[in-house]
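For the sequence shown, this note's numbering assigns the number 188 to the initial residue and increments by one for each residue that follows. Glycine is no exception: its CB is placed at the ideal position from the N, C-alpha and C atoms. The structure presented is a predicted model; accordingly, all values stated were derived computationally and were not measured. Worksheet: the structure to be examined is printed underneath.
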Amino acid sequence: MSAAVVFILFVICLVIAIPVSISLGIVAVLPGAFDSSFTASASYVIRSMLGGIDSFPLLAVPMFVLAGIVMAHGKISQKLFDVFVYFIGKRTAGIPCAVIITCLFYGAISGSAPATVAAVGSMTIPLLMELGYKKDFSTAIVAVAGGLGVIIPPSIPFIMYAMATGESVSDLFLAGIIPGLLIGALLMFYAYYHCKRYGEDKEKINAKVSELRNKGLFSILKDSIWALLSPVIVLGCIYAGIASPTEAAVISVFYALFVSIFIYKSIKVKEIWGIMVEAMKTYAPILFILAASTAFSRVLTLMQVPQTVSAWILAHFTNEIVLLIVINMFLLIVGMVMDTTPAILILSPILLPIVQSIGMNPIHFGVVMIVNLAIGFVTPPIGVNLFVASSLTDVPVMRIAKKAAPMIGYFLLALLLLTFIPAISLCLL
């Protein structure tokens, strides 16, 4: 069975709404089923699936998922938002910028884009509308800024990329910091332009900020310092050599539980079981996709798909700039129609040899790949962030996408800069 037939069958499975994990499992088994001489028999596929999830670094993923859910229930995003509003709320676009910065910080806690949208959006979108911002703008800015959750470390997609390529998780986390800040800054620039052009209800905004400032700086900092310290503790443990990324993920869970139960008192002990169940429900589909993706990628390797694709692309696109643009366009399209985890696990082994052949650093390519797929979070038809944001406000997905289009444009500008200026990603390494 040829690789082209395998990919066509995979697309057909997705089109007829077979779950991604099952689709991957089916197409991983088919080559061995139709050709008895092919190495990848059904037992090989099963062993590959089990081997794919037998990984110590992978344990970081459920821990970061759990930490994000604990912090969402613990109302930690509210504490973060309050401190940013206190300092910049009265400036032009101060409230939308505070939302973007909150997404940056929350992304550094949860490592997940949809989790960032859900936690930050459920709290900030009603406030934005209350202060006079339009419903579609309020929803769109949270949906797009939520994409920062997979770029700012710790990032679950970076862990997946490290698993697929053997690169260092710590280096990938470090490489994501400046790109995340750059994209956040560009989104804030757009928010400033939008508010300058369409105006703001300064009376309502000033009243809200004054109400917050009346509590006093000490009171606000006392409430928010524990939330602000969370990403510092997690990343500090990693880069000080105190803990591996997996161990730091466990630390983040205990820290989130401690702060939420004993300091903020926003979670009761009896609620912990429900939070654990929610985390398991969130992680279980990821685990199945991960296992099936690993098996499928190994089958593709046995079929020599990476070598074939690499040879074809390098033969047809000899100019390095054109090659990188083509790869970016391909990843953008993939991000629109495929979930991040299978996209990373399937495509990384195929695309990495191509970019390495033109001298691109694997860590740099990892950042470029994740930024491409992050844009997919806010582009139809899959656009997970769009659906999460839509569920919070009942604004139609396509209406959010239309309002988000200019912000996606700034995301694309950042992508171009990251692609052709490697120092942005690699300067901290």
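So, at 6 Å on beta carbons, what are the nonlocal neighbours of residue i in its own chain, with the 5 sequence-adjacent residues on each side left out?
| i | result |
| --- | --- |
| VAL575 | PRO301, VAL304 and ALA305 |
| GLY563 | GLY522 and MET523 |
| VAL331 | VAL565, ALA591 and MET594 |
| MET375 | CYS284 and ILE287 |
Report all residues from its chain with a CB closer than 8 Å to the CB of residue i; omit the five preceding and five following residues, and keep chain order.
| i | result |
| --- | --- |
| MET556 | TYR348, LEU518, ILE531, LEU534, SER535 and LEU538 |
| LEU621 | Given that the chain is displayed from residue 188 to residue 616, the structure contains no residue 621 and the question cannot be resolved. |
| LEU602 | ASN515, VAL555, VAL558, ASN559 and ILE562 |
| PRO432 | PRO244, ALA247, PRO341, ILE346, VAL356, SER357, PHE360 and ILE425 |
| VAL307 | SER264, PHE268, VAL286, THR289, CYS290, TYR293, VAL329, ALA332 and GLY333 |
| TYR597 | ILE370, LEU373, LEU374, PHE376 and TYR377 |
Taking the beta carbon of residue i as the centre, do at least 16 other beta carbons fall within 10 Å, making it buried, or is it exposed?
| i | result |
| --- | --- |
| GLN491 | exposed |
| TYR273 | buried |
| ASN146 | The structure shown does not extend to residue 146, since the chain is modelled only from 188 through 616, so no value can be given for it. |
| VAL582 | buried |
| ASN401 | exposed |
| MET350 | buried |
| SER189 | exposed |
| TYR442 | buried |
Within its chain, find whatever has a CB closer than 7 Å to the CB of residue i; leave out the 5 residues flanking it on each side and keep chain order.
| i | result |
| --- | --- |
| PHE483 | LEU211, VAL214, ALA215 and ILE533 |
| ILE275 | GLY281, CYS284 and ALA285 |
| SER480 | LEU211, THR528, PRO529, LEU532 and ILE533 |
| PHE475 | SER208 |
| ILE312 | SER325, THR326, VAL329, LEU579 and THR580 |
| ASN548 | PRO609 and LEU613 |
| ASN572 | ALA300, PRO301, VAL304, ALA330, GLY333, GLY334, PHE564 and VAL565 |
| GLY239 | LEU477, ALA478, THR481 and ALA482 |
| LYS266 | ASP410, SER411 and ALA414 |
How long is the line joining the alpha carbons of residue i and residue j, rounded to whole angstroms?
| i | j | result |
| --- | --- | --- |
| ILE608 | ILE508 | 12 Å |
| SER357 | PRO244 | 11 Å |
| ILE263 | PHE292 | 10 Å |
| SER235 | SER228 | 11 Å |
| GLN181 | LEU315 | Residue coverage of the chain in this structure runs from 188 to 616, which leaves residue 181 outside it and unanswerable. |
| GLU387 | ALA378 | 11 Å |
| ALA466 | VAL252 | 6 Å |
| PRO249 | TYR470 | 6 Å |
| PHE445 | PRO418 | 15 Å |
| ASN168 | ALA191 | Residue 168 cannot be examined here, being either before or after the span of the chain that is shown, 188 to 616. |
| LEU599 | LYS455 | 43 Å |
| VAL198 | TYR231 | 23 Å |
| THR352 | SER397 | 51 Å |
| ALA478 | ILE203 | 22 Å |
| LEU399 | ASP269 | 8 Å |
| PRO567 | ASN506 | 31 Å |
| GLN494 | HIS503 | 14 Å |
| GLY371 | LEU318 | 22 Å |
| GLY428 | ILE500 | 40 Å |
| VAL257 | ILE462 | 7 Å |
| LEU510 | ASP222 | 35 Å |
Please check if any C-beta of chain C sits within less than 7 Å of the C-beta of residue i.
| i | result |
| --- | --- |
| ILE209 | Protein chains in the displayed structure number just one, and chain C is not present. |
(request) Could you name each continuous beta strand (DSSP E) segment of 3 residues or more that falls completely within the region 464-510, going from the start of the chain to the end? (result) none
(request) Any chance you could list the alpha helix (DSSP H) runs of at least 4 consecutive residues sitting entirely within the region 279-361, in chain order? (result) 281-297, 300-317, 322-332 and 343-352
(request) Jot down the residue ranges of each uninterrupted alpha helix (DSSP H) in the region 379-466, minimum 4 residues, whole runs only, in chain order. (result) 389-400, 404-426 and 432-445
(message) As an exercise, report each continuous alpha helix (DSSP H) stretch of at least 4 residues that is fully enclosed by the region 518-585, in chain order.
(response) 527-544, 549-563 and 571-580
(request) Jot down the residue ranges of each uninterrupted beta strand (DSSP E) in the region 193-239, minimum 3 residues, whole runs only, in chain order. (result) none
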